[in-house]
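**Student:** Positions in the sequence shown are counted from 1; adding 11 to them yields the numbering used here.
Ideal Cβ placement from N, Cα and C applies to all residues, glycine included.
In this text the structure is predicted, and so the values were computed from the model without any measurement.
Pasting a structure here, questions to come.
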Amino acid sequence: MIRDDEQAEKILSGILDDYKNTPMIIVFGLKRRSKMKRKLGLAAVIVLGLFLLAACGGGNGTDQNQEEAADTVTTASIVSEEEEFRQAISEDGTWIIATLNDLTFEEELVVEGTFYNGGDSENEVYRKIAAYAQDDERNVTDRYTITAPQMTISSPNTRFQGGVFEGDMVIEANGFTLYDATVEGNIYFASEEYQESAEITEDSEVTGEMEVQE
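Spelled out as structure tokens, the structure:
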């Protein structure tokens, strides 16, 4: 669940960094219990503002702009529960998935499907799992742990950023990036090609082995 308005703002800020100049609407994968309504207030205002920007921004036809705004509805997910995360990483999910808290799974996870930066097929192939929160200066303020026996990455150019994955990762696609994050387990690559195309940044850590297992 969202713990306060400030956290929601940080999560939104982090996602907007990836969007650059692309207007968007965030899809919240959250159950709207009455005790959460006030905490979602700020997030709702920000999302409404983004909708108006998309609907009214540069262009000559109001109807056309509204249609373009509607096309962005499913471009991103902010999740707080396991089932929401599972749906967001699926082939029918979204290009960016941000979690608001730790998540624990008994079953293996599969990140699959081809997605594009900003949800726009004219952009580069890209997918991001954001397991962190940040402040206005982009300093990481919270890191979240996703626990599962295994996570298989089948989406090309997937970035796991900011948090911790507790379990083994199996990479079955090109362009995987572990960015300022930790894997408490092993990373297995399904081919040498996938291993060579992967990037583990210097501020990341893998506690187990990294090897090819064809």
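Which residue spans inside the stretch 97-183 form an unbroken beta strand (DSSP E) run of at least 3?
**Tutor:** Runs of the beta strand (DSSP E) inside the stretch 97-183: 107-110, 120-122, 138-141, 143-145, 151-154, 156-164, 169-172, 175-182.
**Student:** Span of the alpha helix (DSSP H) holding E195?
**Tutor:** Walking along the sequence shown from the start, residue 195 turns up at place 184. Looking at the DSSP string, E195 is not in any alpha helix (DSSP H); the run it does join, the beta strand (DSSP E), is 193-195.
**Student:** For D82, collect the residues of the same chain with a Cβ closer than 8 angstroms to its Cβ; drop the 5 residues on either side in sequence, then sort them by chain order.
**Tutor:** The residue labelled residue 82 in the question sits at position 71 within the sequence shown. For D82, the pLDDT reaches just 45, beneath the cut-off of 50, and the residue's location in the model is therefore unreliable, although a value from the coordinates is still provided. Hits under 8 angstroms: none found.
**Student:** Who are the Cβ neighbours of V226 in its own chain at under 8 angstroms, not counting the five residues just before and after it?
**Tutor:** Lying outside 12 to 225, the shown extent of the chain, residue 226 is not represented and no answer is given.
**Student:** Would you mind stating whether T163 and E119 have Cβ atoms separated by less than 9 angstroms?
**Tutor:** Position 152 of the sequence shown holds residue 163. Position 108 of the sequence shown holds residue 119. Yes. Within cutoff.
**Student:** Looking at the structure shown, is A93 part of a helix, part of a strand, or coil, going by DSSP?
**Tutor:** If you number the sequence shown from 1, residue 93 lands on position 82. With the sequence shown as reference, residue 93 is identified as Glu, and Ala is not the correct amino acid for it. Helix at E93.
**Student:** Cα-Cα, which of V217, T212, T110 is closest to G186?
**Tutor:** Locating residue 186 in the sequence shown gives position 175, where the first residue counts as 1. The shortest Cα separation from G186 among V217, T212, T110 belongs to T212.
**Student:** In its own chain, which residues sit with a C-beta less than 6 angstroms from the C-beta of R49, not counting the 5 before and 5 after it?
**Tutor:** Indexing the sequence shown from 1 puts residue 49 at position 38. For R49, the predicted structure reports a pLDDT of 40, less than 50, and the residue's modelled location is therefore unreliable. A value from the coordinates is still provided. So the list is empty, once near-sequence residues are dropped.
**Student:** With DSSP as the reference, label S88 as helix, strand or coil.
**Tutor:** Here residue 88 refers to the residue found at position 77 of the sequence shown. Three-state result, S88: strand.
**Student:** Using the C-alpha atoms, what's the distance from V181 back to S165?
**Tutor:** Taking the first residue of the sequence shown as position 1, residue 165 is located at position 154. Taking the first residue of the sequence shown as position 1, residue 181 is located at position 170. For S165 and V181, the distance between alpha carbons rounds to 9 angstroms.
**Student:** With respect to the beta strand (DSSP E) encompassing E222, which residues constitute its N-terminal and C-terminal limits?
**Tutor:** Here residue 222 is taken as the residue at index 211 of the sequence shown, counted from 1. Start and end: 221-223.
**Student:** By the three-class DSSP mapping on this structure, what secondary structure does E203 have?
**Tutor:** Taking the first residue of the sequence shown as position 1, residue 203 is located at position 192. In this structure, E203 counts as helix in the three-state DSSP scheme.
**Student:** Excluding the 5 residues flanking A99 on each side, which residues of the same chain have their C-beta closer than 6 angstroms to its C-beta?
**Tutor:** As a first step, residue 99 must be located in the sequence shown, where it is residue number 88. Closer than 6 angstroms at Cβ, skipping near neighbours: S88, V90, T105, I108.
**Student:** Taking 9 angstroms as the threshold (C-beta atoms), are L189 and Y155 in contact?
**Tutor:** Mapped onto the sequence shown, residue 155 falls at position 144. Mapped onto the sequence shown, residue 189 falls at position 178. Their beta carbons are not under 9 angstroms apart, which means Y155 does not touch L189 by this criterion.
**Student:** Measuring straight from C-alpha to C-alpha, what distance separates Q224 and R149?
**Tutor:** Within the sequence shown, residue 224 is the residue found at index 213, counting from 1. Within the sequence shown, residue 149 is the residue found at index 138, counting from 1. If you take the alpha carbons of Q224 and R149, they lie about 36 angstroms apart.
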